[in-house]
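**Student:** To start, I am sharing the structure in question, which I have written as structure tokens.
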Amino acid sequence: MTQLSPANAERLRQAFQHCRDMEGTLGERLQAYAAAGRGFFPAYSEAVDRLVARIHENGGGENAPRPGEAMPPFMLPDETGRLVSLTSLISNGPVIVMFYRGHWCPYCRLNVKAVIQAADKIKALGGQIVAIMPETQKYAERFKSEAGAPFPVLTDLDNGYALSLNLAIWLGTEIQQLLSYLDLSDFHGNDGCMLPIPATFVVGRDGLVKARFVDPDFRKRMEIDDLLVAVRAAGKDR
């Protein structure tokens, strides 16, 4: 099975830096990086296509909370170990709840940078942001510090909360082998090979989902303009 060569790993790193700094929407940056991935690591891109098709067939993410439904509560530790609850967050205004795959995921890093760039606009609308990932506190802190994220990054160990939302997926042997250069067991603190489907929920002060973006294809994320529209609407909905 084709592995990522050191030369192509460097090309992908350079492509990531270009996509991170380029002008354009989040979607355009993600698409540009996905195109680079197909050129420099085609085996992985093709395996992801098959994984996404399998998840779609199995209805992964379809039963996650929809607009108008209650967002199940959580209480999870942040990067400092402090427990953060959804109840405490929504008491201060609408909350954007984002699920990320991990600190190593370039698509998550592109996503978080775009969200951080919009953080002042989100705050002006009364919104708050919280990120959730299946990694230990050490890597949650690394993700937060490397991104410069001005919001908490919570650890969902063993994907317990993601599982309750129908968002956790098994990677499968093919993807595991292609990602063998990553020490996921160290990142997760367990030997499981599960990741959350990256998803974004905008939750109102009433605890109901106002908007969501759930796509098994982790190369796609909620556009920032759509996110701002949802937060603005949620802020008006008392």
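Everything in the sequence shown is counted per this note's numbering, starting at 80 for the first residue and increasing by one.
Ideal Cβ positions, reconstructed from N, Cα and C, are used throughout, including at glycine.
1. Going by the CB atoms, is the gap between ASP237 and MET212 shorter than 8 Å?
2. What's the C-alpha gap between MET80 and MET177?
3. So for MET80, helix, strand or coil by DSSP?
4. Spell out a yes or no on whether the segment 241-259 and the segment 216-227 are touching, meaning 3 or more CB-CB pairs, one atom from each, closer than 8 Å.
5. Which one of LYS217, LEU261, LEU274 and LEU250 has the shortest CA to CA distance from LEU244?
6. Which value, in whole angstroms, describes the spacing of the CA atoms of ALA113 and LEU130?
7. Since LEU307 and LYS200 are thought to touch, with beta carbons under 8 Å apart, how far apart are those beta carbons, to the nearest angstrom?
8. Taking only runs that begin and end inside the segment 140-200, name each unbroken beta strand (DSSP E) of 3 or more residues, in chain order.
9. Closest to LEU250 by CA distance: which of LEU165, ASP296 and GLY103 is it?
10. Answer yes or no: do ALA290 and PRO146 have a C-beta to C-beta separation smaller than 8 Å?
11. Can you check whether the CB of ILE195 is closer than 8 Å to the CB of GLY227?
12. Taking all protein chains shown into account, decide if PRO85 is buried (16 or more other Cβ within 10 angstroms of its Cβ) or exposed.
13. Rounding to the nearest angstrom, what Cα-Cα distance links ARG117 and VAL127 in this structure?
14. Using CA atoms only, rank isn't needed, just tell me which of GLY268, PRO277 and ILE303 is closest to VAL293.
15. Which same chain residues end up closer than 6 Å to LEU91 when comparing Cβ atoms and leaving out the 5 residues on each side of it in sequence?
16. CB LEU168 to CB VAL209, shorter than 8 Å?
**Tutor:** Walking through what the data contain:
1. The count along the sequence shown starts at 1 and reaches residue 212 at position 133. The count along the sequence shown starts at 1 and reaches residue 237 at position 158. No, the pair does not count as a contact, with Cβ atoms beyond the cut-off.
2. Locating residue 80 in the sequence shown gives position 1, where the first residue counts as 1. Locating residue 177 in the sequence shown gives position 98, where the first residue counts as 1. Only weak support exists for where MET80 lies, its pLDDT of 45 falling under 50; the coordinates are left without a value.
3. For the purposes of this step, residue 80 is identified with residue 1 of the sequence shown, where counting begins at 1. Low confidence applies here, because MET80 scores a pLDDT of 45, under 50, leaving its location unreliable; read the following figure in that light. DSSP places MET80 in coil when its eight states are reduced to three.
4. Under the 8 Å Cβ criterion, the segment 241-259 does not count as touching the segment 216-227, having fewer than three qualifying pairs.
5. Mapped onto the sequence shown, residue 244 falls at position 165. Of the listed residues, the one whose Cα sits closest to LEU244 is LEU274.
6. Working through the sequence shown from its first residue, we reach residue 113 at position 34. Working through the sequence shown from its first residue, we reach residue 130 at position 51. About 15 Å.
7. Translated into positions along the sequence shown, residue 307 becomes position 228. Translated into positions along the sequence shown, residue 200 becomes position 121. Indeed, because the Cβ distance is near 6 Å, the residues count as touching under 8 Å.
8. Within the segment 140-200, the runs of beta strand (DSSP E) that reach at least 3 residues and sit entirely inside it are, in chain order, 154-156, 162-164 and 174-178.
9. In the sequence shown, the residue the question calls residue 250 occupies position 171. For the set LEU165, ASP296 and GLY103, the Cα lying nearest the Cα of LEU250 is the one of ASP296.
10. Counting from one through the sequence shown, the residue named residue 290 turns up at place 211. Counting from one through the sequence shown, the residue named residue 146 turns up at place 67. In this structure, PRO146 lies closer than 8 Å to ALA290 by Cβ.
11. To locate residue 227, count along the sequence shown from 1; it is residue 148. To locate residue 195, count along the sequence shown from 1; it is residue 116. One thing to note: GLY227 has its Cβ within 8 Å of the Cβ of ILE195.
12. Position 6 of the sequence shown, counted from the start, is the residue given in the question as residue 85. So PRO85 counts as exposed.
13. Indexing the sequence shown from 1 puts residue 117 at position 38. Indexing the sequence shown from 1 puts residue 127 at position 48. Between the alpha carbons of ARG117 and VAL127 lies a gap of roughly 11 Å.
14. Stepping through the sequence shown from its first residue, residue 293 is reached at position 214. Of the listed residues, the one whose Cα sits closest to VAL293 is PRO277.
15. For the purposes of this step, residue 91 is taken as residue 12 along the sequence shown, with counting starting at 1. Once the five neighbours on either side are set aside, the close Cβ partners of LEU91 are PHE119.
16. For this step, residue 168 is matched to residue 89 along the sequence shown. For this step, residue 209 is matched to residue 130 along the sequence shown. VAL209 is positioned such that its CB atom lies closer than 8 Å to that of LEU168.
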